[in-house]
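Engineer: What follows is a structure written as structure tokens; I'll ask about it next.
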Amino acid sequence: MPNNKTASKHSRQLLFSEAIAQPKAMTAQTASQGHTSPPVEQPALDATYRILQEIASVGRRLEAMDLKITDLTLASSSIRADIAGFRETANNLDQRLSAVEDHIATTPDQEEERKSLRAKLTKLEDRSRRDNVRFFGIPEQKEGSDIKTFLSSLLTNHFGLEFSPPPEFQRVHRIGPSHKASANKPRPIIACFLRHEQAPQVISTAKARQPISLDGHEIRVAADFSRLTNGRRRAFLALRPQLRSLDIKYGLFEPAHIHKRNDIRRTPSAVQSRTLHVYWIDGS
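Residue numbers (numbering that gives the first Met the number 0): 0 to 283.
As structure tokens, this is what we get:
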């Protein structure tokens, strides 16, 4: 059986067709029977016909709207189905993510293993830098076009080093971009020596001959360490003034130990009386 919407549409179509056709049929019937009733004025018939045409046009537009509403209803049903599917997918992803997080949750043993691996990598990096020496305070452009020759002359004339054979370098360059350099804070120079025994010799000589100056600029020298080890060494900066105020002789040894004579203690940082306590910085 046809549904109510189809029946209603069919009824409207019949009604509009009959309404449009009725004036013409009545006129024709009256003429054929020879009735002598007063004739209907033509303007009235035309107005009635136009009204019926407008009604028929409204009916057609209503039918088109019915079709559009039907299409929108189908599209809405499809969108609801897609949303339900997305919601189910999101729930599945959330469950999988929770499972992965549970799987990779760090246990105490894994944390210890991570610290151990990081310490080994830091040690390897520090060892790979043992042939490097950093020079601070050398004015920009002082090295000219041949930085290796300049550095070799600096070590001989200002550090008083007599190398045999003469120093050779794998690489020598300044650290950092040139646009960040200034006259008050020149970029440091890092030199990688070809012979591993020459780098510690430069560092020890620089400490023994302090201060070393070049055209009125103080030159400082330091070993090259990894970022983690440098952070550990900087942690002792606050301790040094306290040691000097107590007239305690100390030394900062590689990679990040500070001690007085042979007294090394890995305990919380403090200076009590004339006993030196050492804080070992955990690199994790």
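Glycine residues also receive a C-beta, built at the ideal position from the N, C-alpha and C atoms.
1. What is the rounded straight-line gap between the Cα of V171 and the Cα of R243?
2. Using the three-state DSSP reduction, which class does R264 fall into: helix, strand or coil?
3. Take the Cβ of F85 as the centre, count every other Cβ of all protein chains shown within 10 Å, and call the residue buried at 16 or more, exposed below.
4. Does V132 pass the burial test, meaning 16 or more other C-beta atoms within 10 Å, or should it be called exposed?
5. Which of the three DSSP states is assigned to N131 in this structure?
6. Taking just the CA atoms, how far does E53 sit from R79?
7. Mind pulling the beta strand (DSSP E) runs of 3 or more residues that sit fully within the segment 178 to 262?
8. Using a Cβ-Cβ cutoff of less than 6 Å, which residues in the same chain neighbour F158 once the five nearest sequence positions on both sides are dropped?
9. For the alpha helix (DSSP H) that H172 lies in, which residues bound it at each end?
10. So, at 6 Å on beta carbons, what are the nonlocal neighbours of E139 in its own chain, with the 5 sequence-adjacent residues on each side left out?
11. I want to know whether the segment 190 to 197 touches the segment 161 to 169 - three or more CB-CB distances under 8 Å.
12. Can you tell me the Cα-Cα spacing of F135 and I202, whole angstroms?
Structural biologist: Put simply:
1. Just so you know, the alpha carbons of V171 and R243 end up roughly 35 Å apart.
2. Unreliable positioning characterises R264 in this predicted model, as indicated by a pLDDT of 44, which lies under 50. The coordinate reading is nonetheless provided below. Three-state DSSP puts R264 in coil, outside helix and strand.
3. F85 should be labelled exposed.
4. Under a 10 Å Cβ-count criterion, V132 is classified as buried, with 16 or more other Cβ atoms of the shown protein chains found around its own Cβ.
5. Correct three-state label for N131: strand.
6. Computed Cα separation, rounded: 39 Å.
7. Within the segment 178 to 262, the runs of beta strand (DSSP E) that reach at least 3 residues and sit entirely inside it are, in chain order, 188 to 192, 211 to 213, 216 to 222, 250 to 252 and 256 to 258.
8. Once the five neighbours on either side are set aside, the close Cβ partners of F158 are T204.
9. H172: not part of any alpha helix (DSSP H); member of the beta strand (DSSP E) spanning F168 to R173, first to last residue.
10. For E139, the CB contacts under 6 Å within the same chain, skipping 5 residues up- and downstream, are A180 and P185 in chain order.
11. Contact holds: three or more Cβ-Cβ distances are below 8 Å.
12. Computed Cα separation, rounded: 12 Å.
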